[in-house]
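Numbered by our numbering, the letters in the sequence shown go through residues 2 to 158 in order.
Please read the structure below before turning to the comments.
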Amino acid sequence: MMRCNQGMAVMLLLGGLLGCASAPLPPKELIGARKGYARARAGAAAELAPADLQGAREALERAERAFAEGRELAEARDLAYLAERRAQLAEALGRTAAMERQRGAALQAYGELQLALRRRRPPPAGPVDPAEPGKPPDKPPARARAAERSLMILNRR
């Protein structure tokens, strides 16, 4: 009788544990997709690539639904994989757009500096070709500062 009670207790204990563990863990692809989307949303994609971020969110929602509805695990994994890639794309496009902004600002600052240096520069000394009155002389002055020389070289290109 004692042995039967122990066996029954073990069965009840195992049944209880299995009942608690019945909710399956999400696949690693879904966890990765969640992390990738969170990273993209926290980065430049939220501001500079919102349409791509929206696509990544929708793909993640499809993967979450497939997993929650208990569909084929392979389908949930595939959808999660696609969601993670869309999040990575949105993140990359956001970073690219941010870098393009920085590049544009740097080019604008360079142009402004170049214009300021031209205004400060005295008129060219020496012979000037009458056919090209705005063209600077072929060689920079010997005492020109390094920055001015490099600007003069860039202007000729």
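Glycine included, each C-beta is placed from N, C-alpha and C at the ideal position.
All figures in this text were calculated on a predicted structure; none of them were measured in a lab.
Residue i and residue j closer than 8 Å at C-beta
{"i": "L83", "j": "A60", "result": "yes"}
{"i": "L54", "j": "A46", "result": "yes"}
{"i": "G95", "j": "A50", "result": "yes"}
{"i": "R72", "j": "P28", "result": "no"}
{"i": "E30", "j": "A81", "result": "yes"}
{"i": "A99", "j": "A64", "result": "no"}
Environment of residue i [buried if 16+ CB atoms lie within 10 Å]
{"i": "E1", "result": "In the structure as shown, the chain begins at 2 and stops at 158. Residue 1 is therefore absent and cannot be evaluated."}
{"i": "Y38", "result": "buried"}
{"i": "M69", "result": "Note that residue 69 is Ala in the sequence shown, not Met. Result: exposed."}
{"i": "A1", "result": "The question about residue 1 has no answer, for the chain in this structure spans 2 to 158."}
{"i": "A57", "result": "buried"}
{"i": "A67", "result": "buried"}
Own chain residues within Cβ distance below 8 Å of residue i, not counting five before or after
{"i": "R40", "result": "A88 and E92"}
Coil, strand or helix - residue i by DSSP
{"i": "R72", "result": "coil"}
{"i": "L31", "result": "helix"}
{"i": "R122", "result": "coil"}
{"i": "L49", "result": "helix"}
{"i": "G95", "result": "helix"}
{"i": "G112", "result": "helix"}
{"i": "L80", "result": "helix"}
{"i": "G44", "result": "coil"}
{"i": "M3", "result": "Its pLDDT being 47, under 50, M3 is placed unreliably in this model, and the coordinates cannot settle the point."}
{"i": "A60", "result": "helix"}
6 Å CB neighbourhood of residue i in its chain, flanking five on each side removed
{"i": "L74", "result": "none"}
Residues of its chain near residue i, where Cβ-Cβ distance is below 7 Å and the 5 sequence neighbours each way are ignored
{"i": "L90", "result": "D53"}
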